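Below is one structure, written out as structure tokens, with a few remarks after it.
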Amino acid sequence: EGIAAPKIRVGTLAIPLDTIETVDLTPAVFEACKLQILAVEQERYGVTQLPPDAPRSGRRPLLQFPLQTLEGTMANSSAIGIGLRDRVSGRFVAYALGSALENHDEEGVSSDPRFGENNTFYLHAEATLPTVQNSVEIEQHLLDALRERAVAAGFEHLSTLIEESVRETGPAWFKTATALQRIENYLGSGPTFAYLQVSLQ
9 EGIAAPKIRV GTLAIPLDTI ETVDLTPAVF EACKLQILAV EQERYGVTQL
59 PPDAPRSGRR PLLQFPLQTL EGTMANSSAI GIGLRDRVSG RFVAYALGSA
109 LENHDEEGVS SDPRFGENNT FYLHAEATLP TVQNSVEIEQ HLLDALRERA
159 VAAGFEHLST LIEESVRETG PAWFKTATAL QRIENYLGSG PTFAYLQVSL
209 Q
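Next comes the structure, spelled out in structure tokens:
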């Protein structure tokens, strides 16, 4: 009897939402699949995605977070992480994670008007595979799932430093975010980033 070949999706393709599994990244689950999560981060923000003249070193190599940064965020007691896994290939196609605002020191955090109120979730890292054609739909699904869990955890607001374009393409609630700061050509990466804050209520 022939062995069934593994199901592999190659190239860019649209991934129907009904084939997407939402995985809650508890510390134990994250530990088990962190290299798959890192692969999404590297494919989205790694060196190969950069303009040729972009700086390739520094505190954060370009936009890509190193694994220890993601691990550090997941180690916070208030951490929330979501992974979206394609049931066909078994591969993660997107992820998002963060924790209470006060745990973070990214650009804009210290001047966040909610800093110290302990009611704001900071979306620290978020990425969707660049090969996913319907990345906007996947990202909306990801942000909706994250919002649901942040609200359930008692957070009232969400702050994030993110590509400004995500506010335009995000879910309806995310489009209402206020830009507290804009940074053009963030870290020499090309796109404009914005420090956004949005009510979760």
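The sequence shown maps to residues 9 to 209 in the numbering used here.
Cβ coordinates follow ideal geometry from the N, Cα and C atoms, glycine included.
Only a predicted model underlies this, so the values are computations on that prediction, with no experimental measurement involved.
Would you mind stating whether SER207 and GLU164 have Cβ atoms separated by less than 8 Å? yes
Coarse secondary structure for ARG93, derived from DSSP in three states: strand
Bridge partners - GLU171, DSSP secondary structure assignment: Paired residue(s): PHE201.
Pull up the distance between the alpha-carbon of GLN72 and that of GLY198, whole angstroms please. 14 Å
Taking Cβ positions, are THR81 and HIS132 nearer each other than 8 Å? yes
Taking DSSP as the reference, what is the three-state secondary structure of ASP260? Residue 260 falls outside the range modelled here, since the chain spans only 9 to 209, and no answer is possible.
Whole angstroms is fine: what's the gap from THR20's alpha carbon to PHE100's? 15 Å
CB GLU49 to CB ALA153, shorter than 8 Å? Judged by beta-carbon spacing, ALA153 lies beyond the 8 Å limit of GLU49, meaning their Cβ atoms are not closer than that value.
In the DSSP output, which residue or residues are listed as bridge partners for THR81? Residue pairing from DSSP leaves THR81 without any beta-bridge partner.
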